Amino acid sequence: MSVHATARIVATRDGLPVLAGAGPLALRRTRPALPQSRAHSRVTVVGAMSAPLGGDRLAVEADVGEGARLDVDSAAATIALPGRGSEQAHYDVRLTVGEDAELRWLPEQLISVRGSDLRMHTRVDLAATARLVLREEQILGRHGEDPGTLTTRLTVRRSGRPLFDQELSCGSGAPAGWDGGAVLAGHRAVGQLLAVHPEWADKPYETRLCGESAVLTPLAGPAFLVTAVAPDARQLRRVLDDVLRSELPS
2 MSVHATARIV ATRDGLPVLA GAGPLALRRT RPALPQSRAH SRVTVVGAMS
52 APLGGDRLAV EADVGEGARL DVDSAAATIA LPGRGSEQAH YDVRLTVGED
102 AELRWLPEQL ISVRGSDLRM HTRVDLAATA RLVLREEQIL GRHGEDPGTL
152 TTRLTVRRSG RPLFDQELSC GSGAPAGWDG GAVLAGHRAV GQLLAVHPEW
202 ADKPYETRLC GESAVLTPLA GPAFLVTAVA PDARQLRRVL DDVLRSELPS
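Read in order, the letters of the sequence shown correspond to residues 2 to 251 in the numbering used here.
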């Protein structure tokens, strides 16, 4: 039997008035990772059961109000698993960040297991003075395993206008070419780090390499995107963490 569930977080200057888990998505209030982040609220997403399975429709919503600071991470990787039938699973993330608010969205990896079929869409709406750090990582198959079918899309709007919109399909049900030299080139880990900060408007970033298989690209606004591929999850995280430490100190 498929599961339909939506977990919801609301953050304000005064804390977390809404912290509502649902189904396999449990939410836990946790301590900030660093002492200098004590002004931030921190929430950890904990998987309460195996999900998403084929046919599941899961969602996480986070609303960061004016002037609030919120860090969201997860306790473990999300594993896309096959269901009993051939139905596709859906996982939606909807994030809203208000004026002078900040969101650091840093979950663990998403692993596409052989036989699974997952479509994940992350939508972000930012106010003009909002700040964002968002990391996404996809691992294609467990060790020595072919991946399932995985389609991920990231859509970001700032002040109501499009800032970024990208979709990637990988695995057995994806269009031909996803594993070719123009896309993953045989790598089994792919990720991106997107950062937005209004103070960068007067001093935009320049395109540059971040290692052998990662690139930092400025976006049309006070923002940049790092896209990386790697042989495995460990090497992918190392590349993205290096950028976090160098460009976005906590």
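Note that CB positions come from ideal geometry on N, CA and C, so glycine has one too. None of these values were measured; they are calculated from a predicted model.
{"query": "Exposed unless 16 or more other CB atoms sit within 10 angstroms - verdict on residue 117", "result": "buried"}
{"query": "Residue from 158, 121, 72, 71 whose Cα sits closest to the Cα of residue 80", "result": "121"}
{"query": "Reduced DSSP category for residue 20 - H, G, I as helix; E, B as strand; rest coil", "result": "strand"}
{"query": "contact_flag[the stretch 173-180, the stretch 225-243] where n(CB pairs < 8 Å) is 3 or more", "result": "no"}
{"query": "Between the CA atoms of residue 190 and residue 12 - distance to the nearest angstrom", "result": "32 Å"}
{"query": "Residue 228 to residue 97 span [Cα, whole Å]", "result": "23 Å"}
{"query": "Residue span of the beta strand (DSSP E) that contains residue 75, given as start and end", "result": "70-75"}
{"query": "Residues of its chain near residue 95, where Cβ-Cβ distance is below 6 Å and the 5 sequence neighbours each way are ignored", "result": "62, 124"}
{"query": "For residue 106, the three-state DSSP class (helix, strand or coil)", "result": "strand"}
{"query": "Per-residue burial, residue 213 [other beta carbons within 10 Å of its own, 16 or more giving buried]", "result": "exposed"}
{"query": "Of the residues 240, 184, 169, the one placed nearest residue 210, counting alpha carbons only", "result": "240"}
{"query": "Collapsed DSSP secondary structure at residue 89 in the structure displayed", "result": "coil"}
{"query": "Identity of the residues DSSP links to residue 137 by a beta bridge", "result": "193"}
{"query": "Per DSSP, the bridge partner or partners of residue 171", "result": "151"}
{"query": "Whether residue 219 touches residue 131 by CB criterion (9 Å)", "result": "no"}
{"query": "For residue 43, the residue or residues it bridges with in DSSP", "result": "31, 72"}
{"query": "Residue 241, enclosing alpha helix (DSSP H) - first and last residue", "result": "234-248"}
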